[in-house]
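In what follows, a single structure is set out as structure tokens and then discussed.
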Amino acid sequence: MRKFDTQVQHLKYKVLREVARHAWAGDLLTNVGDIPKTIIPGQEPSMRCCVYKERAILGERVKLAMGGDAKKPNVIEVIDIACDECPVGGYEVTEACRGCIAHRCQDVCPRDAISFDHNQKAWIDKTKCIECGKCAQVCPFSAIANNKRPCEKACQIKAISMSENKTASIDNNKCTACGACVYQCPFGAIMDKSYILDVINMLKNAQESDQRVYAVVAPSISSQFTYARLGQVISGIKKLGFFHVVEAALGADMTAWEESSELAEKGFLLSSCCPSFVSYVKTEFPQLADSISHNLSPMAEIARYIKKTSEQAQVVFIGPCTAKKMELQQPQVRPWVDSVITFEELQALFDSADINICDLKDDVLDNASFYGRIFARSGGLSDAVAQAVKEHNIDFELKPVVCDGIEACRIALLKASKGRADGNFIEGMACTGGCIGGAGCLTHGPKDKSQVDKYGQEAYEKTISDAISVLELPQTDTLTR
Amino acid sequence: MKITVCIGSSCHLKGSRQVVEQLKELITAHGLEEDVELSGTFCMGKCEQGVSATLDDQQFSLSPENTKEFFEKNIRGVLAAK
Ligand code: FES
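Protein chains in written order, with the working numbering: chain P, 1 to 481; chain X, 1 to 82.
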């Protein structure tokens, strides 16, 4: 298996692929019930206690692959029946317990959950423990460890907790849809909703009408599909029925250009590219929300341009990001972007249509500058804004605070909320490494960053102003929506 | 008159930006801003023949080398004849 990091991703992919296969054939509704059995034939379970449970869980995955329950607002959902096998570790006494006589742990425990064996070693009664963690804090030997669930650990903003029946539960008011839990849950019990059916419908309709479906691809695509060349990926996308492929990185050039002047004008700015970061600021640091850049994200920026210049255009964003599926629902983005899928889902679409991109000729993808392209990795956005300040000839000293991952964002925002920001431009990226660490990536590897830089260097345009100069054409009023 | 230049990847690599720049300059130099409207679009489905462009409903295949000639003949020439 060359395409994915984990078996969980592979399983999810198989579901998406089968759903897509039937959607292309137009017989999804009659066959939807058979998909779990197609993927898990026979009687021997390979993942769970029995094939019936495996298939029941797959049934839930099929629902999410088909867009899930529209009444549930979040694009990230827990599959309850897949989750209940996860051990609830929580606070546990480790070998490091020396059996001391102070028993601070017992004293501090509000539920009387701690007792001692004949060696004076502590023991936690899990039926009483409420996971408050006080015992761990006071133990002089740090002998009490918090064996948190992978999903809770992944969710650094603490939007995941344990429900009453011990399954994972997501607090939708806090969740930023970054997808970290989706990628980290070893049972694949948390999944993002998929909009591949919408995309397949658009592509099918386009064959019979003069609609044109444009793919806007994120620059992190350069670190994905490592088994083929980027040009082949572009050919594959067109073979699916997309009319044309445009780099979201050109939108990034536009965003960097606009943000540099906005920054010089306001003196302090938070970046607006990462939808998880933006949503995090709004819920956790509302007092800073005014400082979020008013510019659209690169995805929305380029999509707007496409729709303003091409009649009958529909735009699908293809990227590494589950949170873009949330951004799509924003009123200022909705008119421009019709759907969002991830690289995982793109792979499933290729295979559902029996497209082996390795067999295809290279097509070209070149719209953006070096700077727009390096947005895909942490620090790239700040580099681009610095370049835009220079090209604009603005007299302004940029002091970027590059936040790699949501925890770094939290620290920077905390300081900023106290008026002690370490700089004047906060680049917030929720995923570690930037977009190349996104949950919708096929692979996450140490080489990804250098791949992105290499791809950046290959750009035909070397400066932001050159890349965007073609866009500054006057637009007709009739096309302005 | 409305001229649309393709700025899709294929045409971009063949010099859309240079074509657009030249057209902009020529339009301003001849004071034709009122008469000629310049715009861009991503791909006209004729990637092999780029830089693709349309002048009203007519198709053209431009390059940074032939842009001036195109402008003189099809824009200034036609406008002068009116
Ligand atoms: S890219 Fe110009 S016609 Fe296709």
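We treat Cβ as the ideally placed atom computed from N, Cα and C, and that holds for glycine.
Asked                                                                                                                         : Found
Closer than 8 Å: V20(X) CB and nearest the ligand FES heavy atom                                                              : no
Inter-stretch contact at 8 Å, needing at least 3 Cβ pairs: the segment 362-371 of chain P / the segment 339-352 of chain P    : no
Residue span of the beta strand (DSSP E) that contains Q58(X), given as start and end                                         : Q58 to S61
Own chain partners of A63(X) with C-beta closer than 8 Å, once the 5 adjacent residues on each side are dropped               : This sequence places Ser at residue 63(X); Ala is not what is there. If we look at S63(X) and ignore the five residues flanking it on each side, its Cβ neighbours are K14, G15, V19 and V51.
Sequence-distant residues of its chain with Cβ nearer than 8 Å to R229(P) (five each side left out)                           : D362
Residues from the segment 23-41 of chain X in contact with chain P, defined by Cβ distance under 7 Å                          : E37, L38, S39, G40 and T41
Amino acids of chain X, ordered along the chain, whose beta-carbon sits closer than 9 Å to that of Y280(P)                    : Near Y280(P) there are no residues of chain X at all, since even the closest Cβ is about 33 Å away, more than 9 Å.
contact_flag[the segment 35-46 of chain P, the segment 154-162 of chain P] where n(CB pairs < 8 Å) is 3 or more               : no
Cα-Cα separation, V213(P) to P298(P)                                                                                          : 18 Å
Chain-order list of residues whose beta-carbon lies under 8 Å from that of E247(P) (same chain, five-residue window excluded) : V216, V217, P219, I302, L365, D366, N367, A368, G372 and R373
Identified DSSP bridge partners for I318(P)                                                                                   : V217(P) and I341(P)
Counterpart residues of C6(X) in DSSP-defined beta bridges                                                                    : T41(X)
Beta carbon proximity, E247(P) to chain X, threshold 9 Å                                                                      : yes
Min CB distance I234(P) to chain X below 9 Å                                                                                  : yes
Buried/exposed call for T480(P), threshold 16 Cβ in 10 Å                                                                      : Low confidence applies to T480(P): its pLDDT is 35, below 50, so where it sits in the model is not reliable enough to give any reading.
Cross-strand partners of E427(P) (DSSP beta bridge)                                                                           : V402(P)
is_contact[L55(X), chain P] using C-beta, thresh 9 Å                                                                          : no
Those residues, in chain order, that have a beta-carbon closer than 5 Å to some heavy atom of the ligand FES                  : C6(X), G8(X), S10(X), C11(X), C43(X), M44(X), K46(X), C47(X), G50(X) and S52(X)
Residues near D477(P) by beta carbon distance below 8 Å, same chain, minus five either side                                   : Its pLDDT being 35, under 50, D477(P) is placed unreliably by the model, and the measurement read from it follows with that caveat. For D477(P), where only same-chain residues beyond five positions count, there are no Cβ hits under 8 Å.
Rounded distance between the beta-carbons of A439(P) and T322(P), thought under 8 Å                                           : 5 Å
Chain-ordered neighbours of N367(P) on chain X, where CB pairs are closer than 7 Å                                            : S9 and H12
Bounding residues of the alpha helix (DSSP H) (the contiguous stretch that carries F187(P))                                   : Per DSSP, F187(P) belongs to no alpha helix (DSSP H) and is neither H nor E.
Any C-beta of chain X under 9 Å from that of V213(P)                                                                          : no
9 Å Cβ cutoff, Y13(P) in contact with chain X                                                                                 : no
Span separating the alpha-carbon of S46(P) from that of V15(P)                                                                : 16 Å
Sequence-distant residues of its chain with Cβ nearer than 7 Å to D338(P) (five each side left out)                           : M202, Q314, V315 and V316
Simplified DSSP state of Y91(P), which is helix, strand or coil                                                               : strand
Reduced DSSP category for L288(P) - H, G, I as helix; E, B as strand; rest coil                                               : helix
Candidates E311(P), I411(P), G423(P) and E327(P), of which the one nearest F396(P) by Cα                                      : G423(P)
Same chain, Cβ closer than 8 Å to K153(P), neighbours up to 5 away in sequence not counted                                    : Q184
Under 9 Å between C-beta atoms of C181(P) and I144(P)                                                                         : no
Contact with chain A by E21(X), beta-carbon distance below 9 Å                                                                : As a matter of chain content, chain A is missing from the structure shown, whose protein chains are P and X.
Three-state secondary structure assigned by DSSP to W123(P)                                                                   : strand
Cβ of Q475(P) within 9 Å of any chain X Cβ                                                                                    : The predicted model places Q475(P) with a pLDDT of 42, which falls under 50 and marks its position as unreliable, so this point remains unresolved.
From D125(P), K71(P), R420(P) and G241(P), residue whose alpha carbon lies closest to that of N205(P)                         : G241(P)
9 Å Cβ cutoff, T309(P) in contact with chain X                                                                                : yes
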